[in-house]
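Enquirer: A single structure is presented below for examination.
In this note's numbering, the protein residues as written are 111 to 311.
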């Protein structure tokens, strides 16, 4: 009984310390208000090794086997034998009885039932296809817009180049005849299709 009261006092002190740390800003409030106490293993279950070494070993195993033989499976209290429950069994029981775990398990079962229905699967597939088609259309539109912007920039650069050529040709007539000859040779080499292709790109 004294062990339990000292354990309660220690728990109160640690919770008060955590609250003070949260108030000072050293710790998140979420850490203080957690439900970790539900999952903590009891510290009472493990005595010191020195005490165990100095105590005589009792044959409680044989006694438990006799109790099991005496009690039938249907007898009341057959679940409660003298041996204490193991920590792992206690943790598994806590996990099985955890409400959040049960909610997740129910959600998973509902999801599996939904995926077993072919109509729902077809509807989900159709929705995914529609989303993929919309994404492709959006990407195509963005590519088209980019191509149009590049075309516009090339056209503006071409006009700026023509203005520059006109300005330089008016300054010297010999340069204009040479450039006209060069343009004529280039257009003859490109042909009528090359000129159209150059304008289109």
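Glycine included, C-beta positions come from ideal geometry on N, C-alpha and C.
In this structure, does DSSP put residue 160 in helix, strand or coil?
Expert: helix
Enquirer: Residue 257 to residue 250, Cα distance in whole Å?
Expert: About 10 Å.
Enquirer: With 16 other CB atoms within 10 Å as the buried threshold, where does residue 113 fall?
Expert: Exposed.
Enquirer: By how many angstroms is the C-alpha of residue 126 removed from the C-alpha of residue 119?
Expert: 11 Å
Enquirer: Check this for me: beta carbons of residue 202 and residue 211, under 8 Å apart or not?
Expert: No.
Enquirer: Below 8 Å CB to CB, which residues in the same chain sit around residue 239 once its five sequence neighbours on both sides are set aside?
Expert: Same-chain partners within the cutoff: there are none.
Enquirer: Can you list, in chain order, the stretches of the beta strand (DSSP E) that have 3 or more residues and sit fully within the segment 224-254?
Expert: none
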